[in-house]
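Going by my numbering, the sequence shown opens with residue 2, and the numbers climb by one from there.
Cβ atoms here follow ideal geometry from the backbone N, Cα and C, with glycine treated the same way.
Okay, structure first, notes after.
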Amino acid sequence: MNSNPLTSTVHATQAPRAAGVRRIAAALAIGMSAAFLASAPVHAAPIDSLVKGVKFDDDKGVAKDIADGMDPNATDSQGMPLLVLAAREKSDKVAAVLLDNPKTNIAAEDKAGENALMLASLNGDMELVKLLITKGAEVNKQGWTPLHYAAANGQDDVAKLLIGYSADVNALSPNGTTPLMMAARGDHMSTANLLLDHGANLNAKNQIGMNALDFAKQYKAPDAIKDLSARMGQAAH
Numbered sequence: 002m003n004s005n006p007l008t009s010t011v012h013a014t015q016a017p018r019a020a021g022v023r024r025i026a027a028a029l030a031i032g033m034s035a036a037f038l039a040s041a042p043v044h045a046a047p048i049d050s051l052v053k054g055v056k057f058d059d060d061k062g063v064a065k066d067i068a069d070g071m072d073p074n075a076t077d078s079q080g081m082p083l084l085v086l087a088a089r090e091k092s093d094k095v096a097a098v099l100l101d102n103p104k105t106n107i108a109a110e111d112k113a114g115e116n117a118l119m120l121a122s123l124n125g126d127m128e129l130v131k132l133l134i135t136k137g138a139e140v141n142k143q144g145w146t147p148l149h150y151a152a153a154n155g156q157d158d159v160a161k162l163l164i165g166y167s168a169d170v171n172a173l174s175p176n177g178t179t180p181l182m183m184a185a186r187g188d189h190m191s192t193a194n195l196l197l198d199h200g201a202n203l204n205a206k207n208q209i210g211m212n213a214l215d216f217a218k219q220y221k222a223p224d225a226i227k228d229l230s231a232r233m234g235q236a237a238h
């Protein structure tokens, strides 16, 4: 069968052109899609907006979101409850809004087992600590306590407040650590002295046999080493 040389030539030249047109059309389509997406409004998920409001202490925005049906016990992407997040970020106005809602779980914890009172104590946020306690937050929760957290950062005023609300100065964490050990670890001797003056046991040991002085030595806390050694020496005589 004879083929027409002209027809073959036309087909040969049209094929790449057709492929080229298809590529151009595809490129245009992609470009149009990108342009369309770029111009389309982007709406944050409601929970993202609420979490942002908590972080920036936007009490009015958070109050509106909750009034519109958002859960005051919602969590962020890391599983942190809004009230705990507010305590971590020192968003006291938002915390007050959440605590005014009867549905808010004041004892809610993050994945590390930390609640709002613990983080407010760690941060030395006296006003929030007071508000949480008056709203019924547990001062002597099981395991790590708010006093452990206050002692860890040398938050003397918070420690005094917690002790005034009957915080156990010899509270034991799950591994037997006391608030005094945490104060010694951070070389916070004013906090350590406060705890000792309120009955903290200088000789208490954790599960691996370390006492407060051992913590001071382990973490190279010079003031705590000096003062706790002197106290232990006095106690021995």
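Enumerate in chain order the residues of its own chain whose CB-to-CB distance from THR179 is below 6 Å, with the five nearest sequence positions on each side excluded. Working through the sequence shown from its first residue, we reach residue 179 at position 178. For THR179, the CB contacts under 6 Å within the same chain, skipping 5 residues up- and downstream, are ASN171 and ALA205 in chain order.
Could you pull the DSSP bridge partners for GLU110 from this structure? Against the sequence shown, residue 110 aligns to sequence position 109. Answer is ASN116.
Would the beta-carbon of GLU128 fall within 8 Å of that of ALA108? To locate residue 128, count along the sequence shown from 1; it is residue 127. To locate residue 108, count along the sequence shown from 1; it is residue 107. The answer is no: Cβ separation not under 8 Å.
Looking at C-alpha atoms only, which residue of GLY234, GLN235, HIS199 and ALA193 is the closest neighbour of ILE217? Counting from one through the sequence shown, the residue named residue 217 turns up at place 216. One point to set straight first is that residue 217 is Ala, not Ile, in the sequence displayed. When each option's Cα is compared against that of ALA217, the closest is ALA193.
Would you mind working out which of ASP77, ALA168, LYS112 and ASP188 sits nearest GLN219, comparing C-alpha positions? To locate residue 219, count along the sequence shown from 1; it is residue 218. Among ASP77, ALA168, LYS112 and ASP188, the Cα nearest to that of GLN219 is on ASP188.
So, using beta-carbon positions, are ALA151 and LEU133 closer together than 8 Å? Translated into the one-based positions of the sequence shown, residue 151 becomes position 150. Translated into the one-based positions of the sequence shown, residue 133 becomes position 132. No Cβ-Cβ contact shorter than 8 Å links ALA151 with LEU133.
Around the Cβ of ASN116, are there at least 16 other Cβ atoms within 10 angstroms (buried) or fewer (exposed)? Walking along the sequence shown from the start, residue 116 turns up at place 115. So ASN116 counts as buried.
Give the secondary structure of THR76 by DSSP, where H, G and I count as helix, E and B as strand, and everything else as coil. Residue mapping note: residue 76 aligns to position 75 of the sequence shown, counting from 1. Strand at THR76.
Reduced DSSP secondary structure (H/G/I, E/B, other) of PRO180: What you label residue 180 is simply residue 179 of the sequence shown in a count that begins at 1. Correct three-state label for PRO180: helix.
Report the residue from LYS94, GLY54, PRO147 and LEU86 whose alpha carbon sits nearest the alpha carbon of LYS112. Counting from 1 along the sequence shown, the entry for residue 112 is found at position 111. Of the residues LYS94, GLY54, PRO147 and LEU86, the one whose Cα lies closest to the Cα of LYS112 is LEU86.
For ILE31, which residues of its own chain have a beta-carbon under 6 Å away from its beta-carbon, when the five flanking residues on both sides are left out? Here residue 31 corresponds to residue number 30 of the sequence shown, with the count starting at 1. Unreliable positioning characterises ILE31 in this predicted model, as indicated by a pLDDT of 49, which lies under 50. A coordinate reading is not provided.
What first and last residue would you give for the alpha helix (DSSP H) that runs through SER230? Reading the sequence shown from its first residue, position 229 is the one you call residue 230. Boundaries of the alpha helix (DSSP H) harbouring SER230: 223-237, taken from the DSSP string.
One or two residues paired with PRO82 in a DSSP bridge: Locating residue 82 in the sequence shown gives position 81, counting from the first residue. According to the DSSP secondary-structure assignment, PRO82 is paired through a beta bridge with THR76.
Taking buried to mean at least 16 other C-beta atoms within 10 Å of its own C-beta, is PRO47 buried or exposed? Reading the sequence shown from its first residue, position 46 is the one you call residue 47. PRO47 comes out exposed.
Kindly indicate the opening and closing residues of the alpha helix (DSSP H) around ALA172. One-based indexing of the sequence shown puts residue 172 at position 171. First-last for ALA172: undefined, no H or E at that position.
Looking at the structure shown, is LEU38 part of a helix, part of a strand, or coil, going by DSSP? Here the question's residue 38 lines up with position 37 in the sequence shown. Bear in mind that the predicted position of LEU38 carries a pLDDT of just 46, short of 50, making it unreliable; the figure below should be weighed with that in mind. Three-state result, LEU38: helix.
Cα-Cα separation between ALA121 and ASP69, rounded to whole angstroms: For the purposes of this step, residue 121 is identified with residue 120 of the sequence shown, where counting begins at 1. For the purposes of this step, residue 69 is identified with residue 68 of the sequence shown, where counting begins at 1. Note on geometry: alpha-carbon atoms of ALA121 and ASP69 lie some 28 Å from one another.
Taking buried to mean at least 16 other C-beta atoms within 10 Å of its own C-beta, is ALA236 buried or exposed? Locating residue 236 in the sequence shown gives position 235, where the first residue counts as 1. So ALA236 ends up on the exposed side.
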